[in-house]
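What follows is a short report on a single structure.
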Amino acid sequence: MAIVEPLPENPHPLPQIAPHLVTRFYLSQEGTHVQSTIDKSLQLQANDVLERWNVEFSQNNILNLAALIVDLEKNEVISYIGNVNFNDQQSGNQVDIIQSPRSTGSILKPFLYCAMLQEGVLLPAELLPDIPINVGGFSPKNFSLQYDGAVHADEALARSLNVPSVVSLRRYGVPKFYDFLKRIGLTTLNRPAEYYGLSLILGGAESTLWEVAQAYGDMAHAVTNLPNTGFRLSDDERRRDTRPCVSTTFNAGAAWLTLQALTNVNRPEEIDWQFIPSMRKVAWKTGTSFGFRDAWAVGITPKYLVAVWTGNASGEGRPGLTGARTSAQVMFDLFNLLPPTSWFETPYSDLTEVVVCRESGCLMGLHCPPSSADTILAPIKAVQGSVCNYHKLVHVSEDERYRVYEHCATGRGIRSVSWFVLPPSWEWYYKQHYPSYRSLPPFSPECRDGASVEVMQFIYPYPNSIIKITKQLDGSRGKAVFELAHRNHSTRVFWHLDNEYIGETSDVHQMELSPDSGDHVLTVVDEAGNSLVSRFKVE
C-alpha cells in the first residue's frame, strides 16, 4: 500500500494577501487564532490597484506604497496594505509603512482649521493674508510660489496654501495646537512644542498613516455621532473594546464645516471632477513633505475612510512625488472599489446662523453695505468672531475719481460710500489675481493737505524682524531683498538705511541690501512726502 500511495507534492506557497498585518498579529498575539476584520475580496482588489500604480511610480524610482481602508460605521479596517511587493527585500517593501512615522507635510492643516472654528478664533470663510512673510527667519512659501494677497480660510484649506496656514497657526498658538494634536491621538510628537514651532503645520513633525487616519476618522465620527472606539483589526479587539463612545475633541459643527471645505479640493488630472455626475462626494486632503519624500492622501465619506502613503521607505525624495500626483490618484481608485454612500447630515444643533460680510468673511461691520451680507452656518462660538474692518466709510467726489473732504470738495461734489480696503501689502498681490478690486482713489489736488491714509506698507522686513544673511558660494556676504507695497506703484520711493540715502525705486519697490550685524532703521519716503519706518536686527 505504501508503495502504491503517491508521494506528497511540494507544499503550496502561503498566500501573501496581507503579509504586514499577519506580521503585526504574529508580534502581538503569537500562538493565538486571530479572526481579522479584513474583507478578503476587497483586499485582493486593493492589492491589484496598488501593484498597478507601483509599476507606474517605480519608473520614477518611487518604490513604496501603503493603503488603509476603514468601514467607519463599524470602525473596522477592511483593507490593510502596509507596503507593496512584500517579497522584494531590496527596496524596503517589508517595512510596514502604515505604522512608520513619516513627515506629515500638509496633512494636519484640517485639524488646525477645525480647532480654530470650534473655539471661535476663526470664521469659516474669514479673509487671511497670503503674502510673503518672515517670522524669526522662517519664510514659508506656497507650493506654487505665488501669492493671492488675501484668501478666504476655507479656500486656503482646500488649496492647501502654506502662508495662510502659518498665519493661522501663529494666531492660534503653537503650544495650543500641539496639545490639540496630542488629544486627537498623535503620539509621535515626542519633542516639546517650541521644537516644532510654526513648521508644525507644514510637515515639521512626524506621524504614522495609522494615527493620521484615526484622527480623520474621529473627525467624521463627531459629525455622525457614531461610537469613537478606534479602528479594529480583529474580532478579539471588538470584544475587548472599552473606549469612549463619542468624540470629546472635535465639535460636530466645526468638523462638518471642515469636511465641507475639503470637498472643494481640486482632484488630480486636468479634469473638473465636480461637474461629472458619476463622481462621488468625498472630503479629502493631500500632503507632501519637504524634499518630496512623503506623499499623503486621506479621503472620507460617512461610511468609508481611505488613507494612502506613497514614497520611499529609505526616505529618498523624488521629483513629482506629491500627494495630488501620486497618493490621491491611488485613493480615488480605491474609492471606486467601494459602494457609493450618502453625505454627512448637517449637525444643526451644533451650528448657528450668523450674518457675515461676503467680501471679508467676518461678522458684518459698521460700514459693510447691506448688499454684502450673507447668512451662513457656523459653530456656536462664531458669534465672538472677528468683525469686518475692511469696509471703510470714504468721502468721494460724485464721479468717485477722488477722495475729498467737505471743505475742499468745491466743484466736485461729495458723497459717502462704503469702500472695501485691503492693507497695501495684501492689495499689491490681490489686484494681480482679482482685477475687479478697486483701490482707493487718490485725494483730489485741493484736498491733499492734511490727508492721512496708509499708502504704503513693508512686505519685508516686518517690524522688529531678525534677519540672517547667508554667505554666497564664493564666500562673499549675501544680500536680503527688502520690499515695499505702494498703492500708487508707479510713484518714486526714496530709501534710507540708518539715516543714509541708499537709492530710489519705482514700479517694483525692491532693494537688495547687505547690512552689517546689529540693529538698523529702514526709512522710505515717497514723492508725496509719505514716510514709513521699519526697525530690524541682523544676526
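Residue numbers for the sequence shown, in our numbering: 6 to 544.
C-beta atoms are modelled at their ideal positions from N, C-alpha and C, and glycine is treated no differently.
Source: prediction; values computed, not measured.
query = What residues in its chain sit with their C-beta under 6 Å from that of residue 528, if we drop five residues either side in the sequence?
reply = On the sequence shown, residue 528 is found 523 positions in, with the first residue counted as 1. Excluding sequence neighbours, residue 528 sits near 501, 538.
ask   = Where does residue 123 land, buried or exposed, given buried means 16+ other C-beta within 10 angstroms?
value = Your numbering for residue 123 matches position 118 in the sequence shown. Buried is the call here.
key: Under 8 Å between C-beta atoms of residue 444 and residue 492   = For the purposes of this step, residue 444 is taken as the residue at position 439 of the sequence shown. For the purposes of this step, residue 492 is taken as the residue at position 487 of the sequence shown. It is a contact, given that the beta carbons lie within the stated cut-off.
request  = Return the chain-ordered list of same chain residues with a C-beta closer than 6 Å to the C-beta of residue 390, the five sequence neighbours on each side being excluded.
outcome  = Start at 1 with the first residue of the sequence shown, and residue 390 comes out as number 385. Result list for residue 390: 125, 128, 368, in chain order.
task = Would you kindly work out how many angstroms separate the C-alpha atoms of residue 25 and residue 32, rounded to a whole number?
result = Position 20 of the sequence shown, counted from the first residue, corresponds to residue 25. Position 27 of the sequence shown, counted from the first residue, corresponds to residue 32. Approximately 11 Å, taken between the alpha carbons.
Start-to-end residues for the beta strand (DSSP E) that takes in residue 59 = Position 54 of the sequence shown, counted from the first residue, corresponds to residue 59. It is not in any beta strand (DSSP E) - residue 59 instead sits in the alpha helix (DSSP H) that spans 45-62.
For residue 541, the first and last residue of its enclosing alpha helix (DSSP H) = As a first step, residue 541 is located in the sequence shown; it is residue number 536 there, counting from the start. Premise fails: residue 541 lies in the beta strand (DSSP E), 536-543, not in any alpha helix (DSSP H).
task = Could you tell me whether the Cβ atoms of residue 217 and residue 112 are closer together than 8 Å?
result = Here residue 217 is taken as the residue at index 212 of the sequence shown, counted from 1. Here residue 112 is taken as the residue at index 107 of the sequence shown, counted from 1. Their beta carbons are under 8 Å apart, which means residue 217 touches residue 112 by this criterion.
task = Note the first and the last residue of the continuous alpha helix (DSSP H) segment covering residue 75.
result = What you label residue 75 is simply residue 70 of the sequence shown in a count that begins at 1. Taken as a continuous stretch (DSSP letters only), residue 75 belongs to no alpha helix (DSSP H), being part of the beta strand (DSSP E) at 69-76.
task = Return the chain-ordered list of same chain residues with a C-beta closer than 8 Å to the C-beta of residue 287, the five sequence neighbours on each side being excluded.
result = Mapped onto the sequence shown, residue 287 falls at position 282. The answer, listed in chain order, is 268, 304, 305, 306, 337, 340.
query = Can you tell which of 378, 348, 373, 364 has the C-alpha that lies nearest to the C-alpha of residue 358?
reply = Residue numbering aside, residue 358 sits at position 353 when the sequence shown is read from its first letter. With distances taken between Cα atoms, residue 358 lies closest to 378.
inquiry  = Can you list, in chain order, the residues of its chain with a C-beta nearer than 6 Å to that of residue 76? Leave out the 5 residues immediately preceding and following it.
reply    = Position 71 of the sequence shown, counted from the start, is the residue given in the question as residue 76. 83, listed in sequence order.
request  = Evaluate residue 475 with the Cβ neighbour count: other Cβ atoms within 10 Å of its Cβ, from every protein chain shown; 16 or more gives buried, anything less gives exposed.
outcome  = Along the sequence shown, read from residue 1 onward, the residue named residue 475 stands at position 470. Counting Cβ neighbours within 10 Å, residue 475 comes out exposed, since fewer than 16 surround it.
query = Could you give the distance in angstroms between the alpha-carbon of residue 278 and the alpha-carbon of residue 467?
reply = Counted from its first residue, the sequence shown places residue 278 at position 273. Counted from its first residue, the sequence shown places residue 467 at position 462. Any reading at residue 278 needs caution, since the residue's pLDDT is 49, under 50, leaving its predicted position unreliable; the model's value is listed next. Rounded to whole angstroms, residue 278 to residue 467 spans 41 Å at the Cα level.
inquiry  = Tell me the rounded alpha-carbon separation between residue 276 and residue 345.
reply    = For the purposes of this step, residue 276 is taken as residue 271 along the sequence shown, with counting starting at 1. For the purposes of this step, residue 345 is taken as residue 340 along the sequence shown, with counting starting at 1. In this prediction, residue 276 has a pLDDT of 42, which is less than 50 and means its spatial position is unreliable; what the coordinates show is noted afterwards. Taking the straight line from one Cα to the other gives about 21 Å.
ask   = Straight-line CA distance for residue 85 to residue 200?
value = Residue mapping note: residue 85 aligns to position 80 of the sequence shown, counting from 1. Residue mapping note: residue 200 aligns to position 195 of the sequence shown, counting from 1. Distance between the alpha carbons of residue 85 and residue 200 is about 33 Å.
task = Give the DSSP-derived three-state secondary structure of residue 275 in the structure shown.
result = Taking the sequence shown and counting its residues from 1, the one referred to as residue 275 is at position 270. Interpretation of residue 275 is limited by its pLDDT of 43, a score under 50 that renders its predicted location unreliable; the figure taken from the coordinates is listed afterwards. Three-state DSSP puts residue 275 in coil, outside helix and strand.
task = Would you tell me roughly how many angstroms separate the C-alpha atoms of residue 241 and residue 104, rounded to the nearest one?
result = Here the question's residue 241 lines up with position 236 in the sequence shown. Here the question's residue 104 lines up with position 99 in the sequence shown. Cα to Cα, the separation comes out at about 20 Å.
ask   = Near residue 524, which residues of its chain fall below 6 Å by C-beta distance, leaving aside the five closest residues on each side in sequence?
value = Numbered from 1 along the sequence shown, position 519 holds the residue referred to as residue 524. So the qualifying residues of the chain are 542.
ask   = With C-beta atoms as the reference, is residue 506 less than 8 Å away from residue 488?
value = Taking the first residue of the sequence shown as position 1, residue 506 is located at position 501. Taking the first residue of the sequence shown as position 1, residue 488 is located at position 483. Their beta carbons are not under 8 Å apart, which means residue 506 does not touch residue 488 by this criterion.
Cβ neighbours of residue 133 in the same chain (closer than 8 Å, five flanking residues each side left out) = One-based indexing of the sequence shown puts residue 133 at position 128. So the list reads 155, 156, 157, 158, 161, 169, 172, 173, once near-sequence residues are dropped.
task = Could you check if residue 418 is buried or exposed, using at least 16 other CB atoms within 10 Å of its CB as the buried criterion?
result = As a position in the sequence shown, residue 418 is number 413, starting the count at 1. It counts as exposed.
query = Quick one: what does DSSP say residue 371 is sitting in, helix, strand or coil?
reply = What you label residue 371 is simply residue 366 of the sequence shown in a count that begins at 1. Residue 371 falls in the coil class under three-state DSSP.
message = Check whether chain D comes within 8 Å of residue 286, counting only Cβ atoms and requiring the distance to be less than that.
response = Although the question refers to chain D, the structure presented lacks it and comprises just one protein chain.
ask   = If we ignore side chains and look at the alpha-carbon of each, how far apart do residue 100 and residue 298 end up?
value = The residue you call residue 100 lines up with position 95 of the sequence shown. The residue you call residue 298 lines up with position 293 of the sequence shown. Those two C-alpha atoms are separated by around 16 Å.
query = Around the Cβ of residue 371, are there at least 16 other Cβ atoms within 10 angstroms (buried) or fewer (exposed)?
reply = Residue mapping note: residue 371 aligns to position 366 of the sequence shown, counting from 1. So residue 371 ends up on the exposed side.
key: Inter-residue CB distance, residue 69 and residue 22 (contact presumed, cutoff 8 Å)   = For the purposes of this step, residue 69 is taken as the residue at position 64 of the sequence shown. For the purposes of this step, residue 22 is taken as the residue at position 17 of the sequence shown. With a Cβ gap of about 18 Å, residue 69 and residue 22 do not count as contacting.
message = Among 187, 232, 88, whose alpha-carbon lies nearest the alpha-carbon of residue 210?
response = To locate residue 210, count along the sequence shown from 1; it is residue 205. For residue 210, the nearest C-alpha among the options comes from 187.
One or two residues paired with residue 523 in a DSSP bridge = Locating residue 523 in the sequence shown gives position 518, counting from the first residue. Paired residues: 543.
message = Quick check on this structure: which residue in 342, 429, 331 has the alpha carbon closest to the alpha carbon of residue 50?
response = For the purposes of this step, residue 50 is taken as the residue at position 45 of the sequence shown. When only C-alpha atoms are compared, the closest one is 342.
ask   = Is it the case that the Cβ atoms of residue 256 and residue 227 are separated by a distance below 8 Å?
value = As a first step, residue 256 must be located in the sequence shown, where it is residue number 251. As a first step, residue 227 must be located in the sequence shown, where it is residue number 222. Yes, they are a contact pair.
query = Who are residue 516's beta bridge partners in DSSP?
reply = Translated into positions along the sequence shown, residue 516 becomes position 511. Per DSSP, 487.
query = Count the other CB atoms within 10 Å of the CB of residue 191; is the residue buried (16 or more) or exposed (fewer)?
reply = Numbered from its first residue, the sequence shown carries residue 191 at position 186. Residue 191 should be labelled buried.
inquiry  = Suppose contacts are defined by Cβ-Cβ distances below 8 Å. Is residue 396 in contact with residue 423 by that definition?
reply    = Against the sequence shown, residue 396 aligns to sequence position 391. Against the sequence shown, residue 423 aligns to sequence position 418. A contact, by the Cβ cut-off of 8 Å.
request  = Give me the Cα-Cα distance between residue 202 and residue 142, rounded to the nearest whole angstrom.
outcome  = Counting from one through the sequence shown, the residue named residue 202 turns up at place 197. Counting from one through the sequence shown, the residue named residue 142 turns up at place 137. For residue 202 and residue 142, the distance between alpha carbons rounds to 12 Å.
request  = Could you tell me how far apart the beta carbons of residue 258 and residue 355 are, in whole angstroms, since I believe they sit closer than 8 Å?
outcome  = As a working mapping, residue 258 is identified with position 253 in the sequence shown. As a working mapping, residue 355 is identified with position 350 in the sequence shown. At roughly 4 Å, the Cβ-Cβ gap stays under 8 Å, so residue 258 and residue 355 are in contact.
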